[in-house]
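Here is the structure we will look at.
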């Protein structure tokens with residue numbers, strides 16, 4: 009079976025019923041990998057695909073919201089954002105400045121501004137559910153994606169959580 013959508017085209021399911029779609033999207037001067045996936049196409053509604061297409065089309069706005077959510081967490085010394093930044097400072101030392109797009113003297117803000125959006129994964133079967141519908145993956149060094157921040161979004165586009173995946 010297959011699902012057809014105006015934005016995604018024909019989404020064919022694999023032998024196990026799962027669907028997968030991938031593309032590259034330009035945002036500013038970087039390329040972001042966007043994946044749409046679901047373990048069972050029967051769990052994917054046309055509304056979920058419409059929401060996914062809208063998110064991809066507004067990826068720059070979503071990126072700004074995600075960065076604002078990170079900024080709101082840097083005042084909490086125990087937040088995963090703060091711990092991620094401190095870990096990056098410890099590992100990179102003075103070399104951290106080579107990854108920063110701007111050095112303002114506020115390292116926390118400089119790191120958040122300098123994070124690169126690596127990917128957006130849309131879990132199309134989670135539309136309207138309590139689990140994340142979309143996950144944005146950020147890294148300071150795109151060649152070292154072992155240490156990343158993940159921003160989880162609900163299907164209405166609101167920020168659900170910011171976590172690290174180290």
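Numbering (the numbering used here), first residue to last: 9 to 174.
Beta carbons: idealized from backbone N, C-alpha and C, even for Gly.
Are the beta-carbon atoms of residue 45 and residue 67 separated by less than 8 Å?
Not closer than 8 Å, so no.
Hey, out of 171, 122, 142, 128, whose CA is closest to residue 149's CA?
Among 171, 122, 142, 128, the Cα nearest to that of residue 149 is on 122.
Kindly confirm or deny that the region 108 to 124 and the region 86 to 93 touch, where touching means at least three C-beta pairs closer than 8 Å.
The region 108 to 124 vs the region 86 to 93: in contact.
DSSP on residue 80, reduced to helix/strand/coil?
Reduced to three states, the DSSP call for residue 80 is helix.
Rounded C-beta distance between residue 125 and residue 38? I'm assuming under 8 Å.
Going by Cβ atoms, the distance from residue 125 to residue 38 rounds to 7 Å, so yes, they are a contact pair.
Shortest alpha-carbon distance to residue 47 belongs to which of 19, 164, 101, 78?
Answer by Cα proximity: 19.
Grab me the residues of residue 51's own chain with a C-beta within less than 7 Å of its C-beta, minus the 5 sequence neighbours each way, in chain order.
Closer than 7 Å at Cβ, skipping near neighbours: 133.
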